[in-house]
Amino acid sequence: MKRATTTTYRGLPPVRLVEMHRLATALVAGLILVTASCGQMVGSGSGDGSVAITLGELSATSVYGDQNLQPTSYVFSGTGPNGASFSVISEDESTTVQTLQSGEWHISVEGLNDQDEVVLAGETVIEVLPFDETKIELALKPVNGVGALLVTAEWNGDHTIEPSSRVTITDAAGESNNWMMSANSGRAERTIEDLSTGYYRVAIQLFDGDEEVSGSAHTVRVANGSTVEVLVEFEALNKVGKPIQIADESFTLGWDEPETGTPDQYRVYARERGEYHWDLVDEIAANNGAQYTVSPEILGYGTYELAVSSITGGQETSLHSSMADNALPGTGWYIEWEGP
Amino acid sequence: MQCSTPMYKSKRTAELNGSMRRRVASRFAIVLALLATAAVVACDMPHAEAPEESGSVLVTIESGDSLGALTLLPDTSMEPEEYRITGNGPSGASFETWTSGGSSEIQDLRLGEWQIETSAFNVDEEEIGYGNGTVAVENGQTAELNVVLRALTGIGSLSLSVVWPAEEVENGEIAATLASSDGHSESLAFEPVVDGEASFFSDEIDAGYYTLILQLLEDDHVVAGAVDTVRIVQDGLTEGTFSFADLNHPTGDIDIIVVPDMDEPLEVAITGGTETLSYGESMTVSAEVENAGDSTLEYTWYLNGAAVGSEASLTVGDGLSPGSYRLDVVVFTEDGQRSGSDSHNFAVE
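Here it is as structure tokens:
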């Protein structure tokens, strides 16, 4: 079941009632076809959703960029009294520098990854004692700087009507900023630049009209001089659906038979928009065809989502509604039946 | 002038007057010449009328001081220009004569024992040496007397200055010792003048030869040094300046051990969640972090990308419409240096 929408579906003129009928038939037919093949249940939405993170994946929801922060070599350097200096490159995490002039030395170490990018750095000031060996442990931290974040959201564009997406970035201090991402054909993208290196909370929300239909949040680590990419694929949307306005006294639903063959009966259900429970409208023999005409005597005027199940050998399939992903159109639909 | 030791290199310059150098260099030759010359030079007759029985004495003047590798010499010229020879003999007899050096024969002296005194004077007519001796004058004989002249005993002054590159030495100090030939040593207290320079002065130094030992210390470690001979003369001023240009700074080793602190991401896991919730039901989920250590953690829960909670646990479900939901938790350490997140998908049916 999908949530209500404020999106307006333009009403069809009476002369096109048949076309509307055809439309309704086609929508339900698509629904039934999938009913027979996958057994998807009404009310369960479209099944489990998932978010695909493609780069720098460490866990399902954390993104750390494609920059390898693991150092493979180190540059040890120091400047000391009277302009003395040294520089040592080593693949080891330690080095010994001998015969340094005693006095105060500024020691700095850079960790380079396999691309020779400086990814870690640390520095300290020590006092080199004469005729002595001074041992220091120097913590290397990720290099401070700025990086960029590329957020891409993808979804089935057929399932949304007026999609938009928003990314909200919250830094470690709790400061938030958000940006709208222009959406087109099931894809929205935004690059946010000049982000200080560090961890961020990145929340991505997908809207259809004013309604949020999906979203996710992630830990994202921005590294110096690189762009971390977050690709989110929204596979399960809480769709808003398209309203179909009906000004006639009756309308006919149509659907396709299950691929397994003609069942014994069909059951037609309806529920008012926003309600949870389905009400059985009627049970009809399947040999009368995969269609059903609704009149005010059967169902009062109102705003409804509709569903159909089939019965074979006394076993009823799960319900499949007009809001299912395999309905046509994929946005899902519901009727706004006002009568003549 | 440069001096080196096995341990420390240094450059020392002793400021010596040019004429003094020449005098020093020539002193040996002059003294040797005096010793080699046996000829009698002109001398004053001590008596207008010579006694019937008389003798003479041949006085030979010798220098008793080594004039070898002197470096720091007094400003007083120690080059003898003239010698005064006086004698006191029997019955109040006496004589006085002057010579430019070498040997002098004084004739017509009364027989008996004579006390001979010899003083050396420099070009400034300052007495710089003294010696005496006794000789017996016999009739018709020439007695020979070698008089050894030595520098006058007394008190002189010493002024020393040491300079070094100030920018290369922190807390530079001078350690100096003046050692006499008898083994007595005296520390010289240098006073700082400016950065890179220290000086010493004393006007109470006994005349004589000394060994001067100088060391430039940096934090109690010797970075330069020099040793020189110093001569102090009565009422004279001996000056010297030492310049240490090349310093041997003490060295040490450092052992650098890198400890990469990658700000490793937090390993976060959501527990307690179910994949489906019946409409109207709730579930309580918790965020567990494996590698946070003692860090204080901050939690932010998101439902479909919208923040819904900030505790370690969250109860969610009641009030949700049927549909698909993604629950995320983002965990930060309090200092913001580490973070991690996890997600849980569920459906409300």
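Chains as they are written, first to last, in my numbering: chain H, 1 to 340; chain G, 1 to 349. Just so it is clear, CB atoms sit at the ideal spot from N, CA and C, and this is done for glycine as well. Just so we're clear, the structure is a prediction, and the values are computed from it rather than from any experiment.
Nearest-angstrom Cβ-Cβ length linking residue i and residue j, presumed shorter than 8 Å
i: H:Leu112; j: H:Glu229; result: Incorrect: roughly 23 Å between the Cβ atoms, too far for contact.
i: H:Ile335; j: H:Lys242; result: Not a contact, Cβ separation roughly 10 Å.
i: G:Ser119; j: G:Gly129; result: 7 Å
i: G:Thr251; j: H:Thr99; result: 4 Å
i: H:Ala170; j: H:Ser176; result: With the sequence shown as reference, residue 170 of chain H is identified as Thr, and Ala is not the correct amino acid for it. At roughly 4 Å, the Cβ-Cβ gap stays under 8 Å, so H:Thr170 and H:Ser176 are in contact.
i: H:Ser310; j: H:Thr317; result: 5 Å
i: G:Val233; j: G:Ala207; result: 5 Å
i: G:Leu354; j: G:Thr271; result: Since the first and last residues shown for chain G are 1 and 349, residue 354 of chain G lies out of range.
i: H:Val109; j: G:Val258; result: 6 Å
i: H:Thr227; j: H:Gly157; result: About 25 Å separates the two Cβ atoms, so there is no contact after all.
i: G:Glu239; j: G:Ser180; result: Actually they are not in contact, since the Cβ atoms of G:Glu239 and G:Ser180 sit about 19 Å apart, beyond 8 Å.
i: G:Ala224; j: G:Asp195; result: Not confirmed; about 16 Å, so no contact.
Cβ-Cβ distance between residue i and residue j below 8 Å
i: H:Met181; j: H:Glu189; result: yes
i: H:Pro258; j: H:Thr197; result: no
i: G:Thr60; j: G:Tyr83; result: no
i: H:Val308; j: H:Tyr276; result: no
i: G:Ser423; j: G:Leu149; result: It is not possible to answer for residue 423 of chain G, since the shown part of chain G is limited to 1 through 349.
i: G:Pro80; j: G:Gly236; result: no
i: G:Ile256; j: H:Phe76; result: yes
i: H:Leu231; j: H:Glu154; result: yes
i: H:Leu138; j: H:Ile107; result: yes
i: H:Ala172; j: G:Gly305; result: no
i: H:Val222; j: G:Asp253; result: no
i: H:Tyr199; j: G:Gly336; result: yes
i: H:Pro296; j: H:Glu235; result: no
i: G:Ser282; j: H:Ser216; result: no
i: G:Glu351; j: G:Ser286; result: Lying before the first or after the last residue shown, residue 351 of chain G is absent from chain G, which here runs from 1 to 349.
i: G:Leu152; j: G:Ala176; result: no
Residue-level contact to chain A via CB, residue i, 8 Å cutoff
i: G:Arg150; result: Reference to chain A is not applicable here, since the protein chains of this structure are H and G.
Residue-chain proximity (residue i, chain G), Cβ-Cβ < 8 Å
i: H:Glu146; result: The residue asked about is misnamed: residue 146 of chain H is Val in this sequence, not Glu. Not one chain G Cβ lies under 8 Å of H:Val146.
i: H:Asp208; result: no
i: H:Glu212; result: yes
i: H:Ser322; result: no
i: H:Arg201; result: yes
i: H:Ser69; result: The sequence given here places Leu at residue 69 of chain H; Ser does not occur at that position. So, interface residue.
i: H:Val308; result: no
i: H:Tyr74; result: yes
i: H:Ser196; result: no
i: H:Ser182; result: no
i: H:Ser102; result: yes
i: H:Gly111; result: yes
i: H:Gln265; result: no
i: H:Ile192; result: no
Cutoff 8 Å: residue i Cβ touching any chain H Cβ
i: G:Met262; result: yes
i: G:Gly172; result: no
i: G:Glu281; result: no
i: G:Phe332; result: yes
i: G:Ala306; result: yes
i: G:Tyr302; result: yes
i: G:Gly336; result: yes
i: G:Asp195; result: no
i: G:Asp75; result: no
i: G:Gly236; result: no
i: G:Ala101; result: Sequence check: residue 101 of chain G is Gly here, not Ala. No - not a single Cβ of chain H is within 8 Å of the one on G:Gly101.
i: G:Lys11; result: Legend: pLDDT at G:Lys11 = 30, less than 50; position of this residue unreliable, value from coordinates given subsequently. Not an interface residue.
i: G:Gly293; result: no
i: G:Glu290; result: no
i: G:Gly273; result: no
Quick one, which residues of the segment 245-261 of chain G are near chain H if we go by CB-CB under 7 Å, in chain order?
Identification of residues in the segment 245-261 of chain G having a C-beta nearer than 7 Å to some C-beta of chain H yields His249, Pro250, Thr251, Gly252, Asp253, Ile254, Asp255, Ile256, Ile257, Val258, Val259, Pro260, Asp261, given in sequence order.
Taking Cβ-Cβ distances below 8 Å as the criterion, which residues of the segment 134-165 of chain H are in contact with chain G?
Of all residues in the segment 134-165 of chain H, only Thr134, Lys135, Ile136, Glu137, Leu138, Ala139, Leu140, Lys141, Pro142 come within less than 8 Å of chain G when Cβ atoms are compared, listed by chain position.
Mind listing which residues of the segment 79-100 of chain H have their C-beta closer than 8 Å to chain G's C-betas, in chain order?
Against chain G - using a Cβ distance shorter than 8 Å - the residues of the segment 79-100 of chain H are Pro81, Asn82, Glu93, Ser94, Thr95, Thr96, Val97, Gln98, Thr99, Leu100.
Restricting to runs no shorter than 4 residues, where is the alpha helix (DSSP H) found entirely within the segment 246-291 of chain H?
Look at the segment 246-291 of chain H and you find no whole run of alpha helix (DSSP H) that is 4 residues long or longer.
Complete beta strand (DSSP E) runs within the segment 67-107 of chain G (minimum length 3 residues, chain order)
DSSP runs (the beta strand (DSSP E)) wholly in the segment 67-107 of chain G: 82-88, 94-99.
Any residues in the segment 200-234 of chain G with a beta carbon nearer than 7 Å to a beta carbon of chain H? Which ones, in chain order?
Answer set for the segment 200-234 of chain G: His221.
Near-chain G residues of the segment 216-246 of chain H (beta-carbon distance less than 8 Å), N- to C-terminal order:
So the close ones are Ser216, Ala217, His218, Thr219, Arg221, Ala236, Leu237, Asn238.
Whole runs of the beta strand (DSSP E) within the segment 101-171 of chain G, excluding any shorter than 3 residues
As far as the segment 101-171 of chain G is concerned, its whole beta strand (DSSP E) runs of at least 3 residues are 103-110, 112-121, 127-137, 142-151, 155-163.
Runs of 3 residues minimum, wholly inside the segment 137-200 of chain H: which ones carry the beta strand (DSSP E) assignment?
Scanning the segment 137-200 of chain H for uninterrupted beta strand (DSSP E) segments of 3 residues or longer gives 146-155, 163-171, 176-181, 187-196, listed from N- to C-terminal end.
At 3 residues or longer, what runs of the beta strand (DSSP E) sit wholly inside the segment 200-234 of chain G?
Counting whole runs of 3 or more residues, the segment 200-234 of chain G contains the beta strand (DSSP E) stretches 208-218, 221-232.
Can you list, in chain order, the residues of the segment 114-135 of chain H whose Cβ is nearer than 8 Å to any Cβ on chain G?
Look at the segment 114-135 of chain H: the residues with a C-beta under 8 Å from a C-beta of chain G are Leu120, Gly122, Ile126, Val128, Leu129, Pro130, Phe131, Asp132, Glu133, Thr134, Lys135.
Scan the segment 308-333 of chain G for residues whose Cβ lies nearer than 7 Å to a Cβ of chain H and list them as they occur along the chain.
Sequence-ordered contacts of the segment 308-333 of chain G with chain H read Ser321, Pro322, Gly323, Ser324, Arg326, Asp328, Val330, Phe332 [C-beta pairs closer than 7 Å].
Identify every run of the beta strand (DSSP E) within the segment 266-337 of chain G, keeping only runs that are complete inside it and at least 3 residues long; order them along the chain.
DSSP assignment within the segment 266-337 of chain G yields the following whole beta strand (DSSP E) runs of 3 residues or more, N-terminal first: 268-271, 283-289, 297-303, 306-309, 313-316, 323-333.
Which residues, in chain order, does the segment 271-284 of chain H contribute to contact with chain G at a C-beta distance below 7 Å?
Under the 7 Å Cβ criterion, the segment 271-284 of chain H contributes Tyr276.
Note down, one range per segment and in chain order, each alpha helix (DSSP H) of at least 4 residues found wholly within the segment 75-107 of chain H.
As far as the segment 75-107 of chain H is concerned, it has no whole alpha helix (DSSP H) run of at least 4 residues.
With a floor of 3 residues, list each beta strand (DSSP E) that falls wholly inside the segment 201-251 of chain H, ordered by position along the chain.
Those beta strand (DSSP E) runs which fall completely within the segment 201-251 of chain H and span 3+ residues are 211-222, 227-234, 242-246.
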